[in-house]
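One structure below.
Protein chains in written order, with our numbering: chain A, 16 to 370; chain B, 16 to 370.
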């Protein structure tokens, strides 16, 4: 059977399908629980969450499902930006703030404090799966998770990064192909050279690590799931497909943009957060791209643009919101998680039967 | 059976595997015939060939195989460049020419004359398959091919381009994913937005055209072939995998570079030809990239750099040669075409059996 493998056995779930831990409101406890209840692995995107709201969300998920689920954390980055760089960015952002009537945010120095607290809660709450993006936790932290039987999943965009994950003791690794929507997980080497298509990335990673490989990037239906397993992946991780689910907490403008976009409308841009991410090109991207190289890095720029993006959503200005999307948006549907997963399962089984 | 489908039936061949029509010497009659004799579809890359040498190569292929084969042509582009642009490029290229002792080439205005003669020969010689890159032939030309029972295959990098191919009456279309080595086939819209991964591109094209879709980009072994068919493709086209075949006419330095490269070393660059292409980053790319935007377009820049590249190969200077390669180079092997295809077939059958 296509769904019986190391991944589903180790996690004790029905289907080798992970819902990506997308940050900033998309992964409501309802979405996470719906995915786990449908036989996949739901993931709370806690990258931007403070410890207490994260704890509450975990408790809520536990009320909604008794199946395994995951929490995704961001490895913190201690970026520095000069007063001058920040002032230059504020100058560029001022017209948006004035139009939307939002004030200039204060920049607090990035720290690792929130991450430390998040890790404590993961362990206290015995979250079944903890995944990481933007780097690899220390060997010590990975060891701690293992002692609590928490499965640790990393994110890589090159074979080299997959090797680093394995060396740090991670249990599994998500290989994020260039098709994937949202932030690039690249943490070692150039972002440009790490835009490897899923068709290339998965078999090369499978050949070079001994831990299970999870394919991400461009997968939206049963064809993609079975193709990824054929390449040697033990499971898939899907993001964009879940953003438009009825249980998703994504903003209406974001959902509509995905549903109406074509594969040639998404671009890799760092103008929203300071870190390259794939999203649908809109006015903000077009206008800010000429200044891309001089903007502050992540997470400082993310903080600077945050209120613009959230207020733009409230005032229905999709042209100024980050519209993260992968390259397979023509296959997106507005449907329940249950319908989506049962359609994937039927499609996989149909392909297998008709071969 | 995995290899029984519209594609293999229509072409009357054993396996749904096309060897890409790579230009500039790689696709010797020996390579083309070896692929066709092994049950795939060999293709003469005639993009840069004049009519007479092309005719001779076709005759030679016919001596070496009685199986179907293809010829790939480039849709001509009538690019203009100012004296000033050309002089600026020559200034940048002078140090390479001096070091290699090659002279400045004369630029003849690009014309459609060679293409017209190539088309005449395709029809005279009743070549079984004619594929096209960099655009779509006129409806009249496609009609002519059909009258002679010549199968016409186009190249597309977006769903929109696939639609244009279908509208022009093409019989099949190759969907070139961003993983693919060599020149991008993009002919409508921005090159940057048309870097769609194979995992995304294939199912979206399959859903939007009625002609058979051929998957290209990142496919190197049986896993890739079966994954592409799972996505809905009727066949695959492989380029890089054949460059390192023992029957290939590629330069030794090119073959060695592919065999020793990793997936994160290739980049999209237009510094060799004026048109974006994927190859392994080397000194020429690094040094010329800062001037990329101001260089003349394709095919003018191609003519300007041609003698540098061929002389660099003779003098064993791989740092100045175009080292076209896809993103799955870790899977490349130096082996015969026969071994490569029989390994693909065994691997596909093993995956199917063990499911």
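Built from N, CA and C at the ideal position, the CB exists for glycine as well.
Proximity winner among the options, relative to residue i (alpha-carbon distances)
| i | options | result |
| --- | --- | --- |
| residue 126 of chain B | B:97, B:292, B:179, B:65 | B:65 |
| residue 365 of chain A | B:329, B:326, B:246, B:259 | B:246 |
| residue 96 of chain B | B:105, B:45, B:303 | B:105 |
| residue 26 of chain A | A:41, A:55, A:86, A:238 | A:55 |
| residue 286 of chain B | B:217, B:61, B:296 | B:296 |
| residue 166 of chain B | B:214, B:87, B:149 | B:87 |
| residue 81 of chain B | B:48, B:60, B:113 | B:48 |
| residue 46 of chain A | A:367, A:78, A:21, A:164 | A:78 |
| residue 267 of chain B | B:280, B:108, B:152, B:327 | B:327 |
| residue 172 of chain A | B:348, B:277, B:63, B:292 | B:277 |
| residue 133 of chain B | B:329, B:269, B:220, B:68 | B:68 |
| residue 339 of chain A | A:129, A:360, A:258, A:331 | A:258 |
| residue 38 of chain B | B:148, B:209, B:135, B:111 | B:148 |
| residue 215 of chain B | A:192, A:233, A:154 | A:233 |
| residue 271 of chain B | B:220, B:333, B:249 | B:333 |
| residue 356 of chain A | A:31, A:23, A:191 | A:31 |
| residue 89 of chain A | A:163, A:129, A:57, A:109 | A:129 |
| residue 169 of chain A | A:152, A:163, A:114, A:331 | A:152 |
| residue 85 of chain A | A:98, A:91, A:92, A:70 | A:70 |
| residue 23 of chain B | B:121, B:201, B:144 | B:144 |
Inter-residue spacing [alpha-carbon to alpha-carbon] between residue i and residue j
| i | j | result |
| --- | --- | --- |
| residue 212 of chain A | residue 212 of chain B | 5 Å |
| residue 175 of chain B | residue 36 of chain A | 32 Å |
| residue 242 of chain A | residue 195 of chain A | 16 Å |
| residue 28 of chain A | residue 19 of chain A | 10 Å |
| residue 255 of chain B | residue 264 of chain B | 13 Å |
| residue 302 of chain A | residue 284 of chain A | 12 Å |
| residue 107 of chain B | residue 103 of chain A | 35 Å |
| residue 244 of chain A | residue 358 of chain A | 17 Å |
| residue 41 of chain A | residue 351 of chain B | 51 Å |
| residue 306 of chain A | residue 300 of chain A | 10 Å |
| residue 142 of chain B | residue 59 of chain B | 10 Å |
| residue 51 of chain B | residue 239 of chain B | 20 Å |
| residue 335 of chain B | residue 210 of chain B | 25 Å |
| residue 150 of chain A | residue 315 of chain A | 18 Å |
| residue 137 of chain B | residue 262 of chain B | 24 Å |
| residue 62 of chain B | residue 227 of chain B | 23 Å |
| residue 348 of chain B | residue 222 of chain A | 14 Å |
| residue 317 of chain B | residue 123 of chain B | 12 Å |
| residue 298 of chain A | residue 313 of chain A | 21 Å |
| residue 329 of chain A | residue 186 of chain A | 40 Å |
| residue 116 of chain A | residue 220 of chain A | 48 Å |
Cβ neighbours of residue i in the same chain (closer than 6 Å, five flanking residues each side left out)
| i | result |
| --- | --- |
| residue 140 of chain B | 73 |
| residue 224 of chain A | 177, 181 |
| residue 353 of chain B | 53 |
| residue 252 of chain A | 33, 35, 189, 229, 231 |
| residue 235 of chain B | 256, 343, 346 |
| residue 75 of chain A | 44 |
| residue 291 of chain A | 199, 206, 283, 285 |
Close-in-space but distant-in-sequence residues of the same chain around residue i (CB under 7 Å, 5 per side omitted)
| i | result |
| --- | --- |
| residue 379 of chain A | The structure shown has nothing for residue 379 of chain A, since chain A only spans 16 to 370. |
| residue 363 of chain B | 17, 237, 240, 241 |
| residue 269 of chain B | 258, 336, 338 |
8 Å CB neighbourhood of residue i in its chain, flanking five on each side removed
| i | result |
| --- | --- |
| residue 311 of chain A | 94, 96, 100, 101, 104, 289, 319 |
| residue 367 of chain B | 17, 241 |
| residue 281 of chain B | 196, 293, 294, 295, 296, 340, 341, 342, 344 |
| residue 112 of chain B | 118, 119, 322, 323 |
| residue 158 of chain B | 184 |
| residue 154 of chain A | 183, 184 |
| residue 217 of chain B | 190, 192, 228, 230, 243, 246, 247, 248 |
Cβ of residue i within 8 Å of any chain C Cβ
| i | result |
| --- | --- |
| residue 234 of chain B | Here the protein chains are A and B, and chain C is not one of them. |
*Can you give me, in chain order, the residues of the segment 159-176 of chain B that have a beta carbon less than 8 Å from any beta carbon in chain A?*
Contact residues of the segment 159-176 of chain B toward chain A are 173, 174, 175 (C-beta to C-beta distance below 8 Å).
*Residues of the segment 243-264 of chain B with a CB closer than 9 Å to any CB of chain A: list them in chain order, please.*
If the cut-off is 9 Å between Cβ atoms, the segment 243-264 of chain B has 243, 244, 245, 246, 247 near chain A.
*Compile a chain-ordered list of the residues in the segment 186-199 of chain B whose CB is closer than 8 Å to at least one CB of chain A.*
Listed by position, the residues of the segment 186-199 of chain B near chain A (Cβ gap below 8 Å) are 192, 193, 194.
*Using a Cβ cut-off of 9 Å, which residues of the segment 19-48 of chain B contact any Cβ in chain A, in chain order?*
Hits within the stretch: zero.
*Quick one: which residues of the segment 202-218 of chain A get their C-beta closer than 9 Å to a C-beta of chain B? List them in chain order.*
Taking 9 Å as the Cβ-Cβ cut-off, the segment 202-218 of chain A approaches chain B at 204, 205, 207, 208, 209, 210, 211, 212, 213, 214, 215, 216, 217, 218, given in chain order.
*Of the residues that make up the segment 323-351 of chain B, which ones have a beta carbon closer than 9 Å to any beta carbon in chain A?*
Only 341, 342, 343, 344, 345, 346 from the segment 323-351 of chain B bring a Cβ to less than 9 Å from some Cβ of chain A.
_Going residue by residue through the segment 236-269 of chain A, where are the continuous beta strand (DSSP E) segments of at least 3 residues, counting only ones entirely within it?_
List check, beta strand (DSSP E) in window: 250-253.
_Which runs of the alpha helix (DSSP H) at least 4 residues long sit entirely within the segment 45-81 of chain B? Give them in chain order._
Here the runs fully enclosed are 66-79.
*Using a beta-carbon distance cut-off of less than 9 Å, what residues from the segment 265-281 of chain A approach chain B?*
For the segment 265-281 of chain A, the beta-carbon criterion of a distance under 9 Å to any beta-carbon of chain B is satisfied by 277, 278, 279, 280, 281.
*Quick one: complete alpha helix (DSSP H) runs, 4+ long, within the segment 151-212 of chain B?*
Whole alpha helix (DSSP H) segments, 4+ residues: 154-162, 174-182.
*Using a Cβ-Cβ cut-off of less than 7 Å, give me the residues of the segment 73-97 of chain B that come near chain A, in sequence order.*
Of all residues in the segment 73-97 of chain B, none comes within less than 7 Å of chain A when Cβ atoms are compared.
*asked:* Against chain B, which members of the segment 292-306 of chain A pass a CB distance test of less than 7 Å?
replied: Contact residues of the segment 292-306 of chain A toward chain B are absent (C-beta to C-beta distance below 7 Å).
*Where the segment 351-367 of chain A meets chain B: residues whose CB sits under 7 Å from a CB there*: Sequence-ordered contacts of the segment 351-367 of chain A with chain B read 366, 367 [C-beta pairs closer than 7 Å].
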